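Asker: For the protein sequence lines, the chains are A and B, in the order given.
Position one of the first sequence corresponds to residue 1 (our numbering), numbered consecutively onward.
Position one of the second sequence corresponds to residue 1001 (our numbering), numbered consecutively onward.
For each residue, glycine too, the CB sits at the ideal point set by N, CA and C.
Here the structure is a predicted model, which is why all the values come from computation and not from measurement.
Here it is: the structure, laid out below.
There are 2 protein chains.
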Amino acid sequence: MHALILGAAGMIGRRLTDALAQSGSLGGQALDALTLVDVVTPAVPDALAGRVTAQAADLSGTGAAETAIAGRPDVIFHLAAVVSGEAEADFEKGYRINLDSTRLLFEAIRQAHLAEGYRPRVVFTSSLAVFGAPLPPVIGDDMILTPASSYGTQKAMGELLLSDYTRRGFLDGIGLRLPTICVRPGKPNKAASGFFSGIIREPLAGQEAVLPVPDTVRHWFASPRAATDFLVHAAGIDLAPLGQRRNLTMPGVSATVAEEIEALRRVAGERAVALIRREPDPAILRIIETWPEAFATERALGLGFRADPSFDAIVALHIAETGAGPA
Amino acid sequence: MHALILGAAGMIGRRLTDALAQSGSLGGQALDALTLVDVVTPAVPDALAGRVTAQAADLSGTGAAETAIAGRPDVIFHLAAVVSGEAEADFEKGYRINLDSTRLLFEAIRQAHLAEGYRPRVVFTSSLAVFGAPLPPVIGDDMILTPASSYGTQKAMGELLLSDYTRRGFLDGIGLRLPTICVRPGKPNKAASGFFSGIIREPLAGQEAVLPVPDTVRHWFASPRAATDFLVHAAGIDLAPLGQRRNLTMPGVSATVAEEIEALRRVAGERAVALIRREPDPAILRIIETWPEAFATERALGLGFRADPSFDAIVALHIAETGAGPA
Ligand SMILES: NC(=O)c1ccc[n+]([C@@H]2O[C@H](COP(=O)([O-])OP(=O)(O)OC[C@H]3O[C@@H](n4cnc5c(N)ncnc54)[C@H](O)[C@@H]3O)[C@@H](O)[C@H]2O)c1
Ligand SMILES: NC(=O)c1ccc[n+]([C@@H]2O[C@H](COP(=O)([O-])OP(=O)(O)OC[C@H]3O[C@@H](n4cnc5c(N)ncnc54)[C@H](O)[C@@H]3O)[C@@H](O)[C@H]2O)c1
């Protein structure tokens, strides 16, 4: 079994690399080879040394996709993307990296299919950003995609390409709309969604966190571990039950900011909660209000994808993984 | 008022050209200039001679979109496309013409927007082919797009681009998912949908028509006149009520094959109906079964788009326009 991770140096790519290195297998088969590609040179995990190739490449460049798949990997995880804020700030870059790189990848696979019958499993990471207001309180699997950002538009177009290339037999694709990752490790960032993680991560580290929206705001979350598990699961399962609809919203935990704070209080007490400073930001609220709140993800559940059990479990996982936590 | 029709030599493009020539106005303003572009040189209507420029151009070629919009038309009708069968038979051509030409057009407009603040109304023709089985009997405005053809995929991607370019302020777009046009004028063709028109058109002309599916098959129709009216209406209305959702399924007439035949019988009698020869074709049935049957088109109705009143009216219109009909 040969796996390829595109965007391997990113937050999820690094975790997926580590998960594969630890298990040494994928889809019930031994992992003989792992290729890691990112515009930033990906780190090679010790456990797989000798079986890993790491490439630094811009996947929007000519020939980069061909080089990346030259070893004909059985499974391709396509995680490479620029995130929402960057795709909105730089229109051309967003389309070049999020749309054109995806199409170049699928085209490289199609050419190899036509030449040699190559037909890899492709796991594509889409996003909740494909959904835009007005939205029902609980979004079903048949909801129209009406993205309210260029990033969401590019992900929705990637989903359509994935379906069509799969239908035509060029590849065997599955697209996963990942919930918002929480608790996102690392430093606070400028993403509009940053506070969802910040109000847990910062207080647990004894630092102040700013909360720019009311406690009633509700959203859809998965831990970094759950997201990694989704990708690994998607690589190994039989996709025939999906028919031609190859894109799925992933199960998640629906929680309000108030419920997040209660989970923090249960683990870390009043002192941690007191580090959350309410500083309403109408600009952030206007963005967040257009986001989905909760989903009914029957198709993904039917295929065996499983959400974190609760927001408390998401917080506990963060503490276990980072060593952060109540003094 | 300057209008541009891309795909002006096509079935709908020619009718739209004639409609504009006849009314001499668009959106309540006098039509000072009309530019017609198609890969086949479009015919210039007498009524507008002197105000019309006709160009033969392949819109997937470098610079073609820039040339087409050089006169900075106020309204652009984007009808140029290769149809379903061709896009399925020639994968690369379908993507090049249906997707790349659309993106090249929008990019040319965006560059003119950045340079001079240009921001035309763009009317894009999408299709029911954006919907694919399994589908509910009546499809609402919030139904997910899951195309079962490359043509449908390309139209769905065009819709997403139209929305994003509109949201960013580069153009003022509206996408119309046209019902299947019936009675389509002209000769019988090989399209899977051809019989829907054929079983009316051929018997009215005293010729035999083949019916490859059962009488119970139901589908969604608009006359060529209704389709032209949708385009003209879309060019002139205020789109603010649409918010960010700029793509609409057009109202139509939902009719079964049996209802089509009854309409034919009422107008042209038993002798015409007897010209329909039942010759079941499982391959055609398999395609048709994945197609939508009926829609609830509240958003389009709310904006003033109106369907043909009945299937009888569709037949009557065909007779009035072509002179075909009962002896
Ligand atoms: N984190 C989330 O909450 C979330 C939610 C939904 C979807 N996703 C999607 O999951 C995927 C991974 O997310 P992440 O949080 O790890 O993001 P990330 O930004 O940490 O990782 C993305 C990686 O892609 C790489 N990349 C960007 N442009 C590239 C190019 N041209 N060529 C090669 N590599 C390039 C970046 O260097 C980065 O390492 C992305 O596709 C993202 O859109 C993430
Ligand atoms: N007729 C229907 O039932 C129906 C239904 C839904 C949507 N539509 C859409 O409506 C539009 C018009 O449909 P129609 O029935 O008139 O189709 P048509 O095939 O008669 O017309 C399309 C025109 O586009 C032109 N064209 C193709 N490639 C071109 C290129 N590269 N550069 C320039 N011109 C090019 C063709 O020469 C043709 O004249 C199309 O976009 C079609 O997909 C039609």
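According to DSSP, which residues form a beta bridge with B/Asn1189?
Answerer: For the purposes of this step, residue 1189 of chain B is identified with residue 189 of the second sequence, where counting begins at 1. Answer is none; B/Asn1189 lacks a bridge partner.
Asker: So B/Asp1046 and B/Ala1080 are supposed to be a Cβ contact under 8 angstroms. How far apart are they, rounded?
Answerer: To locate residue 1046 of chain B, count along the second sequence from 1; it is residue 46. To locate residue 1080 of chain B, count along the second sequence from 1; it is residue 80. With 8 angstroms as the limit, B/Asp1046 and B/Ala1080 do not qualify as a contact, their Cβ atoms being about 24 angstroms apart.
Asker: Could you tell me the alpha carbon to alpha carbon distance between B/Thr1256 and B/Phe1196, rounded to whole angstroms?
Answerer: In the second sequence, counting from the first residue as 1, residue 1256 of chain B sits at position 256. In the second sequence, counting from the first residue as 1, residue 1196 of chain B sits at position 196. For B/Thr1256 and B/Phe1196, the distance between alpha carbons rounds to 10 angstroms.
Asker: Counting only runs of 3+ residues fully inside the segment 1045–1071 of chain B, write out the beta strand (DSSP E) ranges in chain order.
Answerer: Here the runs fully enclosed are 1052–1056.
Asker: Among the candidates A/Gly206, A/Asn98, A/Arg278 and A/Gly304, whose CA atom is the shortest distance from the CA of A/Ala268?
Answerer: As a working mapping, residue 268 of chain A is identified with position 268 in the first sequence. If we check each option's Cα against that of A/Ala268, A/Gly206 comes out closest.
Asker: Given that A/Asp331 touches chain B, what residues does it touch there, using C-beta distances under 7 angstroms?
Answerer: Past the edges of chain A, shown from 1 to 327, lies residue 331 of chain A, and the structure says nothing about it.
Asker: DSSP has B/Ile1139 in a bridge; who is on the other side?
Answerer: In the second sequence, the residue the question calls residue 1139 of chain B occupies position 139. B/Ile1139 pairs with B/Phe1295.
Asker: What number of angstroms, rounded off, separates the C-alpha of A/Ala192 from the C-alpha of A/Ile288?
Answerer: Translated into the one-based positions of the first sequence, residue 192 of chain A becomes position 192. Translated into the one-based positions of the first sequence, residue 288 of chain A becomes position 288. Distance between the alpha carbons of A/Ala192 and A/Ile288: 7 angstroms.
Asker: Please compile the residues from chain B whose C-beta is within a distance smaller than 8 angstroms of the C-beta of A/Ser101.
Answerer: In the first sequence, counting from the first residue as 1, residue 101 of chain A sits at position 101. By Cβ distance, chain B contributes nothing, its closest Cβ being about 15 angstroms from A/Ser101, past 8 angstroms.
Asker: Can you tell me where the alpha helix (DSSP H) with A/Val267 in it begins and where it stops?
Answerer: Mapped onto the first sequence, residue 267 of chain A falls at position 267. First-last of the alpha helix (DSSP H) with A/Val267: Val257 to Val273.
Asker: Drop a sphere of 10 angstroms on the beta-carbon of A/Val138, count the other beta-carbons inside from all chains shown, and report buried for 16 or more, exposed for fewer.
Answerer: Taking the first residue of the first sequence as 1, we reach residue 138 of chain A at position 138. Label assigned to A/Val138: exposed.
Asker: Would you kindly report the start and end of the unbroken alpha helix (DSSP H) that includes A/Ser149?
Answerer: Residue 149 of chain A sits at position 149 when you count from the first residue of the first sequence. Segment: none, A/Ser149 is in no alpha helix (DSSP H) and carries neither H nor E.
Asker: Residues in the same chain with beta-carbon distance under 6 angstroms from B/Leu1048, minus the five sequence neighbours each way, listed in chain order, please.
Answerer: Counting from 1 along the second sequence, the entry for residue 1048 of chain B is found at position 48. Here the set comprises Ala1021 and Leu1034.
Asker: Tell me whether B/Ile1144 counts as near ligand 1, meaning its Cβ is closer than 7 angstroms to at least one heavy atom of that ligand.
Answerer: For the purposes of this step, residue 1144 of chain B is taken as the residue at position 144 of the second sequence. B/Ile1144 Cβ: outside cutoff for every heavy atom of ligand 1.
Asker: Assess contact between the segment 275–286 of chain A and the segment 171–183 of chain A, defined as three or more Cβ pairs (one per stretch) separated by less than 8 angstroms. Is contact present?
Answerer: No contact exists between the segment 275–286 of chain A and the segment 171–183 of chain A.
Asker: Is the Cβ of B/Thr1125 closer than 8 angstroms to any Cβ of chain A?
Answerer: The count along the second sequence starts at 1 and reaches residue 1125 of chain B at position 125. So no, B/Thr1125 is outside the interface.
Asker: Taking the beta strand (DSSP E) that B/Ile1174 belongs to, which residues open and close that run?
Answerer: Residue 1174 of chain B sits at position 174 when you count from the first residue of the second sequence. First-last of the beta strand (DSSP E) with B/Ile1174: Asp1172 to Leu1178.
Asker: Does ligand 1 have even one heavy atom less than 7 angstroms from the beta-carbon of A/Ala38?
Answerer: Within the first sequence, residue 38 of chain A is the residue found at index 38, counting from 1. Checking the sequence, you will find Asp at residue 38 of chain A rather than Ala. Correct: A/Asp38 has its Cβ closer than 7 angstroms to ligand 1.
Asker: Within the segment 73–139 of chain A, note down every full beta strand (DSSP E) run reaching 3 residues or more, in order along the chain.
Answerer: Segments of the beta strand (DSSP E) lying fully in the segment 73–139 of chain A: 75–78 and 121–127.
Asker: Just how far apart, CA to CA, sit A/Gly94 and B/Asp1090?
Answerer: For the purposes of this step, residue 94 of chain A is identified with residue 94 of the first sequence, where counting begins at 1. For the purposes of this step, residue 1090 of chain B is identified with residue 90 of the second sequence, where counting begins at 1. Rounded to whole angstroms, A/Gly94 to B/Asp1090 spans 29 angstroms at the Cα level.
Asker: Say yes only if the C-beta of B/Val1183 is nearer than 7 angstroms to one or more non-hydrogen atoms of ligand 3, and no if none qualify.
Answerer: Annotation note on ligand 3: not contained in the displayed structure, which lists ligand 1 and ligand 2 as its ligands.
Asker: So the beta strand (DSSP E) B/Thr1035 belongs to, where does it begin and stop?
Answerer: Along the second sequence, one-based indexing puts residue 1035 of chain B at 35. Looking at the DSSP string, the run of the beta strand (DSSP E) that includes B/Thr1035 is Ala1033 to Asp1038.
Asker: Give the secondary structure of A/Thr249 by DSSP, where H, G and I count as helix, E and B as strand, and everything else as coil.
Answerer: By one-based count along the first sequence, residue 249 of chain A stands at place 249. Three-state DSSP puts A/Thr249 in a strand.
Asker: Could you name the residues of the same chain whose beta carbon sits closer than 8 angstroms to that of B/Leu1161, not counting the 5 residues immediately before and after it, in chain order?
Answerer: Within the second sequence, the letter at position 161 stands for residue 1161 of chain B. Closer than 8 angstroms at Cβ, skipping near neighbours: Thr1102, Arg1103 and Phe1106.
Asker: Compare the C-beta of A/Met157 with all C-beta atoms of chain B and state if any pair is closer than 8 angstroms.
Answerer: Here residue 157 of chain A is taken as the residue at index 157 of the first sequence, counted from 1. Yes - at least one Cβ of chain B is within 8 angstroms of the one on A/Met157.
Asker: Is there at least one non-hydrogen atom of ligand 2 closer than 7 angstroms to the beta-carbon of B/Gly1007?
Answerer: Reading the second sequence from its first residue, position 7 is the one you call residue 1007 of chain B. For ligand 2, at least one heavy atom lies less than 7 angstroms from the Cβ of B/Gly1007.
Asker: Which residue comes first and which comes last in the beta strand (DSSP E) that contains A/Val210?
Answerer: Here the question's residue 210 of chain A lines up with position 210 in the first sequence. Note, A/Val210: beta strand (DSSP E), Ala209 to Leu211.
Asker: Between which two residues does the alpha helix (DSSP H) holding A/Phe196 run?
Answerer: In the first sequence, the residue the question calls residue 196 of chain A occupies position 196. Gly194 to Leu204 is the span of the alpha helix (DSSP H), which, as asked, contains A/Phe196.
Asker: Use the C-beta contact count for A/Gln29: other C-beta atoms within 10 angstroms, 16 or more gives buried, fewer gives exposed.
Answerer: Working through the first sequence from its first residue, we reach residue 29 of chain A at position 29. A/Gln29 is exposed by the Cβ-count criterion.
Asker: I need the boundaries of the alpha helix (DSSP H) containing A/Ala3, first residue and last residue.
Answerer: Taking the first residue of the first sequence as 1, we reach residue 3 of chain A at position 3. Premise fails: A/Ala3 lies in the beta strand (DSSP E), His2 to Leu6, not in any alpha helix (DSSP H).
Asker: Quick one: does A/Ala328 have its CB under 8 angstroms from some CB of chain B?
Answerer: In the structure as shown, chain A starts at 1 and stops at 327, and residue 328 of chain A therefore has no counterpart that could be examined.
Asker: Within the 8 angstroms Cβ cut-off, does A/Asp164 reach chain B?
Answerer: Within the first sequence, numbered from 1, the residue matching residue 164 of chain A stands at position 164. At least one chain B Cβ lies under 8 angstroms of A/Asp164.
Asker: Taking only the alpha-carbon atoms, compute the straight-line gap between A/Trp220 and A/Asp308 and give it to the nearest angstrom.
Answerer: Mapped onto the first sequence, residue 220 of chain A falls at position 220. Mapped onto the first sequence, residue 308 of chain A falls at position 308. Rounded to the nearest angstrom, the two C-alpha atoms are 11 angstroms apart.
Asker: Hey, could you find the ends of the alpha helix (DSSP H) A/Phe230 is sitting in?
Answerer: Residue mapping note: residue 230 of chain A aligns to position 230 of the first sequence, counting from 1. Element bounds for A/Phe230: Pro224 to Gly236.
Asker: For the putative contact between B/Ser1223 and B/Arg1177, defined by C-beta atoms under 8 angstroms, what is the C-beta separation to the nearest angstrom?
Answerer: Along the second sequence, one-based indexing puts residue 1223 of chain B at 223. Along the second sequence, one-based indexing puts residue 1177 of chain B at 177. Not a contact, Cβ separation roughly 16 angstroms.
Asker: Return the CA-CA distance between A/Ile319 and A/Gly325, expressed in angstroms with no decimal places.
Answerer: In the first sequence, the residue the question calls residue 319 of chain A occupies position 319. In the first sequence, the residue the question calls residue 325 of chain A occupies position 325. Rounded to the nearest angstrom, the two C-alpha atoms are 6 angstroms apart.
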